[in-house]
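K.L.:
Line by line, the protein sequences give chains G and B. Residue numbers for the first sequence follow our numbering, beginning at 1 and rising by one. Residue numbers for the second sequence follow our numbering, beginning at 324 and rising by one. Don't be surprised by glycine CBs; every beta carbon is placed ideally from N, CA and C. Following this message is one structure expressed as structure tokens.
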Amino acid sequence: MSVLVYTENWDGKFKKLSFELVSYASKVAEMLNTKAIALSVGKLESGEAEKLGNYGVSKIISAAGEGLNVLDNQVYAKIIADFAVKEGATVVVLANNNVGKALAPRLSVRLKAGIGAGVNKLPVSTEPFVVHKRAYSGNAFAHLQINTPVRIITLSQNSFELIEKNMGAAVENVNVSVDASEVKTQVREVQKQGGKILLTDAEIVVSGGRGMKSPDNWGPLVELADLLGAATACSRPVSDEGWRGHEEHTGQTGKIIAPNLYFAIGISGATQHLAGVSSSKYIVAINTDKDAPIFEAAQYGIVGDAQKVLPKLVEAVKELKSK
Amino acid sequence: MKVLVCISNVPDTTTKVKFTDDFEKLDTSNIQWVINPWDELSLTRALELKDDASTGVKSVTVAHVGLAGAEPTIRKALAIGADDAIRINAEPHDAYYVAAQLAEVVKAESFDIVLCGIESSDHNGSTVGGMLSEFLGYPSVSAVSGLKIENNTLVINREIDGGKETVTVPAPVVAIVQKGIAKEPRIAAMRGIMMARTKPVKVVEPVAVDALTGIISFEMPEPRAACKFVDAEDPKQLIGLLQNEAKVL
Ligand SMILES: Cc1cc2nc3c(=O)[nH]c(=O)nc-3n(C[C@H](O)[C@H](O)[C@H](O)COP(=O)(O)OP(=O)(O)OC[C@H]3O[C@@H](n4cnc5c(N)ncnc54)[C@H](O)[C@@H]3O)c2cc1C
Chain G
1 MSVLVYTENW DGKFKKLSFE LVSYASKVAE MLNTKAIALS VGKLESGEAE KLGNYGVSKI
61 ISAAGEGLNV LDNQVYAKII ADFAVKEGAT VVVLANNNVG KALAPRLSVR LKAGIGAGVN
121 KLPVSTEPFV VHKRAYSGNA FAHLQINTPV RIITLSQNSF ELIEKNMGAA VENVNVSVDA
181 SEVKTQVREV QKQGGKILLT DAEIVVSGGR GMKSPDNWGP LVELADLLGA ATACSRPVSD
241 EGWRGHEEHT GQTGKIIAPN LYFAIGISGA TQHLAGVSSS KYIVAINTDK DAPIFEAAQY
301 GIVGDAQKVL PKLVEAVKEL KSK
Chain B
324 MKVLVCISNV PDTTTKVKFT DDFEKLDTSN IQWVINPWDE LSLTRALELK DDASTGVKSV
384 TVAHVGLAGA EPTIRKALAI GADDAIRINA EPHDAYYVAA QLAEVVKAES FDIVLCGIES
444 SDHNGSTVGG MLSEFLGYPS VSAVSGLKIE NNTLVINREI DGGKETVTVP APVVAIVQKG
504 IAKEPRIAAM RGIMMARTKP VKVVEPVAVD ALTGIISFEM PEPRAACKFV DAEDPKQLIG
564 LLQNEAKVL
């Protein structure tokens, strides 16, 4: 028996999300009195695989070989499923991000394993196996019972703390070669979002809505984000109008995020917007309308004009940082 | 080419969700049911492809797993422009059950392109499309924000964490669709609504499949503490609170 955790890499490297997943899987393994095994697929930078060993796993499998430089969902799902069978996994953990969402359902059919998707806590019980997950776009949670011998969990980002624990796990390098004819997905073009902090990774997010009035008013908002090491985001009408890029759109139909701190500036707080940000630990709202629904979701608020408040906020943060 | 759009019937996205007294089920009184927002966008894109003769798309069918109560949502999809519909007459027990039923439909009618939404706004599973592709042994592409057809090959934009990729995949394929695939959902015109009344809705009985999961109960998020207001002239006070009280700076 084991708990297998799939850790995606970005250009051969892991990030905090990977370590969250590994920490989570190790805790689930503890609950089941078994061991956790981390699985990486694709080429890693040297020394990278070892890092997974700091979060409680007892084995690290690094699988690499020809044909894995493109994410072909079918190919990847087959590799992960094969390792799950080989390692006798009764729980497989993945991230609830684009890649996890692409692979987990395919694994589910291959392994005939029920899925708990968007889980945000340790299992509520293991006999029966019950998980706590997002439902109704953040407006509720569900207790979902998984009735199969193998279960798949996709873990919501930023919902589990890192737990450092070194079990002296060895890295097992495995060569997996995929025949070119099996890879149906061909990449034509890649556009990487260079340099900027990714919205889904950010611990602080500064977000603007229609109350920012014009695309020309974003200067102080971006400056605030830069000072705080934060990512920038926006409401849907803002990206629909082309004031900001679509990758910044948060909410039910955009990105779902769970930073420690979310600034909602000139955002009314529509249900569909809150659906994407309600898991933030703290929300700060700045709005001219004291009755705006965003203040019901926020812990801290300023009733005022963003154009006037933002520059003062920037100054206050500068002062803080210079201390 | 034949396109299938899988649609889910969900509470309108502005619904204040409420549950039955035992918190086991959604309280469905006063709920307005709609086509899941991503499915509506998929349908819109499918119809755009059909409008363009060069794509070779000849028909757009919608499929839904659900009981007769979902009929208005299906008619709405037909009014928007789908040619016909298939309803698998069963309670959608879980994603695995739904995907297994849809797989039968795809196999029986050999669709070339199957579109599913990236998630349904009720159970937020993000699973039906991927499961369906695995049942069929088709390639799948997820987080699709653009889709074109060039000589039987699909040219797809997909979102990866930290960027975008343009990939090609041969049909048959399952595309799991998110925002960007179409600008605005297409709206049913009067003529469409009239025509929808006579468009065929085929009702098929489900195959025997066991659901793998079941919801035991729901829970509301913990109420948040009341908002603390800070004077607009004094944002320094806010920074102080974030630093010392919330400890997030
Ligand atoms: C199916 C569906 C899905 C949707 N998905 C999303 C989604 O994913 N994300 C999303 O964001 N929306 C989504 N929406 C849209 C949503 O319903 C709202 O329309 C949208 O969130 C409103 O954006 P906003 O808050 O920026 O603008 P508004 O609602 O116009 O609010 C602007 C706010 O700015 C304030 N304001 C005005 N001037 C100032 C000033 N000078 N300083 C400070 N404050 C000021 C106003 O008081 C107001 O509260 C969706 C809608 C539907 C139907």
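Evaluate contact between the segment 258-272 of chain G and the segment 511-531 of chain B, counting only Cβ atoms and requiring at least three cross-stretch pairs below 8 Å.
P.N.:
As far as the Cβ criterion goes, the segment 258-272 of chain G does not touch the segment 511-531 of chain B, which means the pair count is below three.
K.L.:
For residue 491 of chain B and residue 186 of chain G, which I take to be in contact (beta-carbon distance under 8 Å), what is that distance rounded to the nearest angstrom?
P.N.:
Against the second sequence, residue 491 of chain B aligns to sequence position 168. Against the first sequence, residue 186 of chain G aligns to sequence position 186. The pair is a contact, with the Cβ atoms about 5 Å apart (cut-off 8 Å).
K.L.:
Would you call residue 7 of chain G buried or exposed, if buried means 16 or more other Cβ atoms sit within 10 Å of its Cβ?
P.N.:
Locating residue 7 of chain G in the first sequence gives position 7, counting from the first residue. Label assigned to residue 7 of chain G: buried.
K.L.:
Can we count residue 330 of chain G as close to ligand 1, meaning its CB is less than 6 Å from some heavy atom?
P.N.:
Any property of residue 330 of chain G remains undetermined from this structure, which presents chain G solely from 1 to 323.
K.L.:
May I have the straight-line CA-CA distance separating residue 568 of chain B from residue 228 of chain G, to the nearest angstrom?
P.N.:
Locating residue 568 of chain B in the second sequence gives position 245, counting from the first residue. Locating residue 228 of chain G in the first sequence gives position 228, counting from the first residue. So the two alpha carbons sit approximately 17 Å from each other.
K.L.:
Give a yes or no on whether 7 Å exceeds the smallest Cβ distance from residue 188 of chain G to chain B.
P.N.:
Counted from its first residue, the first sequence places residue 188 of chain G at position 188. Yes, its Cβ sits closer than 7 Å to a Cβ of chain B.
K.L.:
Report yes if the C-beta of residue 210 of chain G is less than 6 Å from at least one heavy atom of ligand 1; otherwise report no.
P.N.:
Reading the first sequence from its first residue, position 210 is the one you call residue 210 of chain G. Yes, the Cβ of residue 210 of chain G comes within 6 Å of a heavy atom of ligand 1.
K.L.:
Quick check: is any heavy atom of ligand 3 less than 6 Å from the C-beta of residue 253 of chain G?
P.N.:
You won't find ligand 3 in this model; what it holds is ligand 1.
K.L.:
Classify residue 475 of chain B as buried or exposed, calling it buried when 16 or more other Cβ atoms lie within 10 Å of its own Cβ.
P.N.:
Here the question's residue 475 of chain B lines up with position 152 in the second sequence. Flag for residue 475 of chain B reads exposed.
K.L.:
For the candidate residues B:550, B:457, B:542, whose alpha-carbon lies nearest to that of residue 499 of chain B?
P.N.:
Position 176 of the second sequence, counted from the first residue, corresponds to residue 499 of chain B. Closest option to residue 499 of chain B, Cα to Cα, is B:457.
K.L.:
When you compare only the Cα positions, how much space is there between residue 63 of chain G and residue 14 of chain G?
P.N.:
Mapped onto the first sequence, residue 63 of chain G falls at position 63. Mapped onto the first sequence, residue 14 of chain G falls at position 14. Each residue's alpha carbon lies about 15 Å from the other.
K.L.:
Do the segment 85-95 of chain G and the segment 28-43 of chain G touch if we need at least three Cβ pairs shorter than 8 Å?
P.N.:
At 8 Å Cβ cutoff, the stretches touch.
K.L.:
Compare the C-alpha of residue 180 of chain G against each of G:316, G:105, G:69 and name the closest.
P.N.:
Within the first sequence, numbered from 1, the residue matching residue 180 of chain G stands at position 180. Residue 180 of chain G has its Cα closest to that of G:69, out of G:316, G:105, G:69.
K.L.:
If we count the other Cβ atoms within 10 Å of its Cβ and call it buried at 16 or more, is residue 220 of chain G buried or exposed?
P.N.:
Walking along the first sequence from the start, residue 220 of chain G turns up at place 220. Buried, by the Cβ-count rule.
K.L.:
Residues of chain G with CB closer than 9 Å to the CB of residue 458 of chain B, please, in chain order.
P.N.:
Here the question's residue 458 of chain B lines up with position 135 in the second sequence. Residues of chain G passing the Cβ test: 109.
K.L.:
Cα separation between residue 440 of chain B and residue 282 of chain G?
P.N.:
Within the second sequence, residue 440 of chain B is the residue found at index 117, counting from 1. Within the first sequence, residue 282 of chain G is the residue found at index 282, counting from 1. For residue 440 of chain B and residue 282 of chain G, the distance between alpha carbons rounds to 30 Å.
K.L.:
Select from the segment 482-493 of chain B all residues with a C-beta closer than 9 Å to any C-beta belonging to chain G, and list them in chain order.
P.N.:
Listed in sequence order: 482, 483, 484, 485, 486, 487, 488, 489, 490, 491, 492, 493.
K.L.:
Less than 7 Å between the beta carbons of residue 388 of chain B and residue 328 of chain B, yes or no?
P.N.:
By one-based count along the second sequence, residue 388 of chain B stands at place 65. By one-based count along the second sequence, residue 328 of chain B stands at place 5. The answer is no: Cβ separation not under 7 Å.
K.L.:
Looking at the secondary structure, which residues open and close the alpha helix (DSSP H) in which residue 272 of chain G lies?
P.N.:
In the first sequence, the residue the question calls residue 272 of chain G occupies position 272. From DSSP, the alpha helix (DSSP H) with residue 272 of chain G extends over 271-277.
K.L.:
Compare the C-alpha of residue 294 of chain G against each of G:174, G:235, G:38 and name the closest.
P.N.:
The residue labelled residue 294 of chain G in the question sits at position 294 within the first sequence. The residue with the shortest Cα to Cα distance from residue 294 of chain G is G:235.
K.L.:
What's the C-alpha gap between residue 558 of chain B and residue 309 of chain G?
P.N.:
Your numbering for residue 558 of chain B matches position 235 in the second sequence. Your numbering for residue 309 of chain G matches position 309 in the first sequence. Each residue's Cα considered, the two are about 7 Å apart.
K.L.:
Check whether the Cβ of residue 157 of chain G lies closer than 7 Å to any Cβ atom in chain B.
P.N.:
By 1-based counting over the first sequence, the position of residue 157 of chain G is 157. Not one chain B Cβ lies under 7 Å of residue 157 of chain G.
K.L.:
Can you find a heavy atom of ligand 1 that lies under 6 Å from the Cβ of residue 239 of chain G?
P.N.:
Locating residue 239 of chain G in the first sequence gives position 239, counting from the first residue. Residue 239 of chain G: no, Cβ never under 6 Å from ligand 1.
K.L.:
Less than 8 Å between the CB atoms is what I'm expecting for residue 153 of chain G and residue 131 of chain G, so what's the real figure, rounded?
P.N.:
Locating residue 153 of chain G in the first sequence gives position 153, counting from the first residue. Locating residue 131 of chain G in the first sequence gives position 131, counting from the first residue. Residue 153 of chain G to residue 131 of chain G, Cβ: 6 Å. Contact.
K.L.:
Taking the straight line between their C-alpha atoms, what separation do you get for residue 463 of chain B and residue 81 of chain G?
P.N.:
Residue numbering aside, residue 463 of chain B sits at position 140 when the second sequence is read from its first letter. Residue numbering aside, residue 81 of chain G sits at position 81 when the first sequence is read from its first letter. Distance between the alpha carbons of residue 463 of chain B and residue 81 of chain G: 16 Å.
K.L.:
Would you call the segment 443-452 of chain B and the segment 102-117 of chain G touching, i.e. three or more CB-CB distances under 8 Å?
P.N.:
Yes: at least three Cβ pairs fall under 8 Å.
K.L.:
Our contact map puts residue 73 of chain G next to residue 110 of chain G with C-beta atoms below 8 Å; I'd like the distance itself, whole angstroms only.
P.N.:
Here residue 73 of chain G corresponds to residue number 73 of the first sequence, with the count starting at 1. Here residue 110 of chain G corresponds to residue number 110 of the first sequence, with the count starting at 1. The Cβ separation is near 12 Å, so there is no contact.
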